[in-house]
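In this note's numbering, the protein residues as written are 1472 to 1588. Glycine included, each C-beta is placed from N, C-alpha and C at the ideal position.
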């Protein structure tokens, strides 16, 4: 009985060890998204990931109005990890790289880099 318990314990440890490595690798993969910057602040921006969006629709709206009106259509970007955040401007079409998109309303993410398109 003792040997069976030890074998099950070893099997469980091996299974959990392999699972953690797989999840860790999966979570580290960067993803990309393309869209338009409709608002930019010091360490935050709002992106609309629709490539066909008309930036003029958002021109005269405040940050609060954009979030309330287009909550399901936007992504809030954290810019704290960027060295070139001053190159980012309102109305720009960009591609962003991020690791994790937080499932909030609206969704939020910290981007590691971006490029103008």
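Self-check item: Cβ neighbour criterion (16 or more within 10 Å) applied to residue 1511
Solution: buried
Quiz item: Which value, in whole angstroms, describes the spacing of the CA atoms of residue 1568 and residue 1475?
Solution: 48 Å
Quiz item: Among 1554, 1480, 1575, which residue has its Cα nearest to the Cα of residue 1545?
Solution: Distances from the CA of residue 1545 to each of 1554, 1480, 1575 were compared; the closest alpha carbon is that of 1575.
Self-check item: Alpha-carbon spacing of residue 1571 relative to residue 1582, whole angstroms
Solution: C-alpha separation (whole angstroms): 9 Å.
Practice problem: Starting from the C-beta of residue 1539, find all residues in its chain whose C-beta is less than 7 Å away, skip the five residues before and the five after it, and write them out in chain order. | Solution: none
Quiz item: With respect to the alpha helix (DSSP H) encompassing residue 1530, which residues constitute its N-terminal and C-terminal limits?
Solution: Neither: residue 1530 is in no alpha helix (DSSP H) and is coded neither H nor E.
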